[in-house]
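Structure record follows, encoded as structure tokens.
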Amino acid sequence: MKTWFHSWRAAIRIARRDAWRSKGRSALVLAMIALPILGVSALDLTFRSSELSPAERADRMIGAADAQFKDPGFGGVPIFQDPLGEMNTPAKDYENTTWPSGPTDVPKTFPAGSTVLTDSSGSAKLTTKHGLLVTQVRELKAADPIARGITTLLEGRYPEKNDEVVATSNFLESSGLTVGSTLSARNFDRPYRIVGSYEIPDDLKAVQVNALPGAFLAPYAKAVEKAGLQKPDTSTTYLVRASGGFTWNKVKELNAKGVIVTSRAVILDPPADSEVPLYQKENWGNYEAGSGARAAELAAIGTVVGLAMLEICLLAGPAFAVGARRSRRQLGLVGANGGARSHVRAIVLSGGLVIGVAAAVTGTVLALILTKALQPYLEETMGQRFGAFDIRPLEILGIALLAVLTGLLAAIVPAITASRQTVLASLTGRRGVRRSSRVLPLIGLTALLIGGAIALFGSMVTQQFIVVAGGSAIAELGVVAMTPALVGLFGRAGRWLPLSPRLALRDAVRNRGRTAPAVAAVLAAVAGTVAVSTYMASDEAQQRAQYTAQMPHGTVAAFVTEEGGRDVPAVRDAIQRYVPVDIRADVARVSVGKPSCQPWDSGPGCGRFEVVVPPANECPMYRTLPGGEDPSEKYTPDQRRKMLTDDWRCKEGRSSGMYVADGGLLVADASLLKVLGLDDPATVKALDEGKLVSFNPVNIGKDGTFGIKQITDLAAADKASEAGRPAPGKVVSLPAYQVPGDEKSYGVQALITPATAKAAGLATAPLGIYASTDRLPDTEARQKLDGELTKLGSNVDLRVEEGFVNANSLILLSLAIFAGLVTIGAAGIATGLAQADAEADLKTLAAVGAPPRVRRTLSGFQCGVVAAMGVLLGSAAGVLPAMGLRLNEERQQMRWHEESVAQGWSAASDAPYVPIVIPWETLAGLLVAVPVGAALLAALVTRSRGALARREAT
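Take any residue in the sequence shown, count from 1 to its spot, add 453: that is its number in my numbering.
Pasting the structure below:
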């Protein structure tokens, strides 16, 4: 034991001294190992610090209260909830009866002697420095001890008077206001002074202001109603403090009264799943990841970590080989003085141990420092404050041990190679000739075949992504193991090359021990890049084929439905100002009830309209039946398929597309037809004659009319819908013109002029604008337009038809750059090792009269050869997993399509299109630009003349 300890101690001291002497090489290897450790350690620290403890979670949710009470809106019927109160449902099943709805009298359920703090919230358009901003308005007495922990005061103080508010820092930044500024709301002239700023620890990006209870929402609602607009919705929860708290049994008792309760005691000590009634209901289980999903996740993480370690080992291995080669005389002296081969191996392995330990310490320390220093930025990015800076020593130690293990693994092959050299060869500098292993290529070929078979099985038989990924990883490892043999095959091309590339290729083939790891490292990086690029290019081709234009190319549209279209004129002016408009079409919608009502508003005085489909034109599968029965169940799958393909009433018409208004009915003049490219003379003439223009024949009756039903009694309409009866309402029939042909109308099913709507007694409200353009607005114009629309404070639905836009081009470019950098790095390391080995050959070339540029060109070609071999093999290896994944997706989508066809939900002609596309541009860049770039870079950094020295006989 003593001898073993002293021998390793001496080996580590020698390795530490060598590492210090070769600072550049040591720093390179240390950086390669430390950077992943830094990233993983920082990720672990960030993840653990962002995880809240039960006590921290309770403080942020309910402050210092014992519980939060909330109305689920089920009219007080008993409910079931999960322990955190995030999921709930009525305890009784209401499948065949009316679903309960209505408010619950929550205050009646408070225990006697409780202390209660209300927490109400709504929204309003607040005045800012730039215009209006839709803001959440909260009424919580934040200074009350019960609310401690829900908000954090940053500046100033909390409100003390009814005309004071406090605002989140994000609101102040967005609005341009500061503490001390005054704000008000649209339709509400009462001023409020900002007396402080705060943040919500769980939602740092919240745009919110906080007032005292009753100070803003109630008077604001009265002012809005007085202006003829709909009263904004508000919600109220209650923070309750009671003696003894609220156990899970108490929570269930309160659930029986129809109240949701989030209890501090339950958060700190949650019940077992078997004690939660909600989890016992069908389709309401605790959907946490099961053991199978966790095993698959761990397998995926293990695969990624393993491949990353392999890549680092392949990159760092040649660097350790360089050190061993340059220290061969020292290692020879160890043997000459009685050292065994195990001592030589220990010295080289100690180099990996020293670098690994240094990388572990460096990566861990930097992760701690950077995570702590960047904590505010990380919190802002994640949108929440850390609970505590949580360091898990065992996890950090495990990540650090990966660095040590990686360093040792990277040094194993150089250590074995160095120990096999004789003492005489080490002392004289002779390299000797050693045949490469014949077993390793056979193992690699076996792994390649097995991995390929697994990936093929996963893509053709199973539907498991992990099977395809695992098989592809095994196949790639097989190719890596075959690299020495494949490098030998490349040597046969040397006879047709000029002097410098022939020497470089011959040197690479004869010294496969240093060439193969570098080629394998390039292979692994390029294979991953090619796999992802092929998959993304294939997915892009599929998305491009499936893309459906929402409007004619270059068209701009904007819609506003709130407040009766109050801001529509301003939106139209902004588009006219910042967009190169060619033809402009102002559009409106049919409005039922108060003008301020939005479509499908259910408030007092609101209504809606429906397009009346003649009974003879209804698709048999979609008819409304009494009792709410599904009419499609009356037909066989074959009958459903036949209807979808042959029955014109069931086909998806040309009017399908984006939602523009209820029933696809718009109010506009003939300019809209020009914008949409539908302005044939007959259609324009019919519109000018006061007829309704229809793009969907289903809506036209035998008498040539189009029916519009105005529904004013929404409660009666809902009851009729539940009973499967038509909704009561007044029907207006308009003479209609059905547009012939099959030109696409982009979601517009019918069009009438404002004069026709007025003559028919239909009220209208401004909706928005369509505009064709001379050219698409540039980035500057879009930014100005977005800024102008933001100032309005309205929810503007802006759409620009740009055609299919590929969002993956930047990702593909980034992957290609990453692969190029790894390739140049690996090839550069191999070139440095080659130069150390080939110094004698370079001296001989200089002695026989070779020009100085030969040294430079030889270095460049050595680097280029390694890069070219790795890129070529990696490109071939990377296509396999991408093809496997795409075939797997094709099988899944075909199965879904066949099920849909079998049920009669879709036609057989709608078969999915799942192409496999090779990204030739990316491959061309990798196959040509990267090797050429690596060769030129190596040639530029290599000196043309070496130091004068005599050539020793070997």
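Note that CB positions come from ideal geometry on N, CA and C, so glycine has one too.
Residue i - DSSP class collapsed to helix/strand/coil
i     : result
A742  : Any reading at A742 needs caution, since the residue's pLDDT is 44, under 50, leaving its predicted position unreliable; the model's value is listed next. Coil, per DSSP.
F1314 : helix
T1089 : coil
I532  : strand
F1148 : coil
F943  : helix
E1196 : coil
G1160 : strand
D1099 : helix
L1338 : helix
K710  : coil
Q837  : coil
T817  : helix
R610  : coil
Y645  : strand
K1244 : helix
L1129 : helix
Local Cβ density within 10 Å of residue i, reported as buried at 16 or more and exposed below that
i     : result
L570  : buried
Y645  : buried
L707  : buried
G629  : exposed
N1341 : buried
L902  : exposed
T1136 : buried
E1175 : exposed
M454  : Per-residue confidence for M454 stands at a pLDDT of 44, beneath the threshold of 50, marking its modelled position as unreliable; the derived number appears in the next sentence. Flag for M454 reads exposed.
E728  : exposed
E1086 : exposed
F641  : buried
Y448  : Any answer about residue 448 is impossible in this case: the structure gives the chain only from 454 up to 1407.
Cβ distance (whole Å) where residue i is taken to contact residue j below 8 Å
i     : j     : result
M485  : L731  : That belief does not hold up - the Cβ atoms of M485 and L731 are roughly 51 Å apart, past 8 Å.
F563  : T690  : With 8 Å as the limit, F563 and T690 do not qualify as a contact, their Cβ atoms being about 13 Å apart.
D572  : L606  : At roughly 17 Å, the Cβ-Cβ gap does not stay under 8 Å, so D572 and L606 are not in contact.
A695  : D519  : 6 Å
A900  : A928  : 7 Å
A1387 : F1314 : Not a contact, Cβ separation roughly 10 Å.
F527  : P543  : 5 Å
P1319 : V972  : For the record, residue 1319 in the displayed sequence is Val; it is not Pro. Right, their Cβ atoms sit about 6 Å apart.
P1334 : Q995  : At roughly 18 Å, the Cβ-Cβ gap does not stay under 8 Å, so P1334 and Q995 are not in contact.
I1205 : L1145 : 5 Å
For residue j and residue i, the rounded distance between their alpha carbons
i     : j     : result
V1065 : K1138 : 25 Å
T987  : V940  : 25 Å
S494  : A853  : 8 Å
V797  : K476  : 21 Å
T1077 : E1071 : 9 Å
L1326 : V933  : 9 Å
L827  : L537  : 31 Å
T1098 : Y1075 : 15 Å
E574  : Q589  : A small fix is needed here, since residue 574 is Ser in this sequence, not Glu. Going by the C-alpha atoms only, they are around 7 Å apart.
P723  : W701  : 8 Å
L1390 : V1383 : 10 Å
L1140 : A990  : 46 Å
M416  : C1316 : Given a span of 454 to 1407 for the chain in the structure shown, any question on residue 416 remains unanswerable.
G743  : L823  : Residue placement at G743 is flagged as unreliable, the pLDDT there being 49, under the threshold of 50; the coordinate-derived value follows with that caveat. Approximately 35 Å, taken between the alpha carbons.
Contacting residues, own chain, Cβ-Cβ under 6 Å from residue i (five flanking each side not counted)
i     : result
P1230 : V1032
E1063 : K1162
G897  : G931, A934, M935
Neighbourhood of residue i by C-beta, 8 Å cutoff - its chain only, sequence neighbours within 5 removed
i     : result
V1332 : V983, A984, T987, I1371
L1401 : Residue confidence for L1401 is low, a pLDDT of 47 falling below 50, so the modelled location carries little weight; the figure read from the coordinates is stated next. If we look at L1401 and ignore the five residues flanking it on each side, it has no Cβ neighbours.
P1022 : P1219
D1035 : A1224, S1225, T1226, D1227
C1050 : Q683, G1017, S1044, G1056, G1058, C1059, G1060
Neighbourhood of residue i by C-beta, 7 Å cutoff - its chain only, sequence neighbours within 5 removed
i     : result
R501  : D843, R845
A1392 : R1309, T1310, S1312, G1313
Neighbour flag for residue i against chain D, beta carbons, 9 Å
i    : result
I927 : Protein chains in the displayed structure number just one, and chain D is not present.
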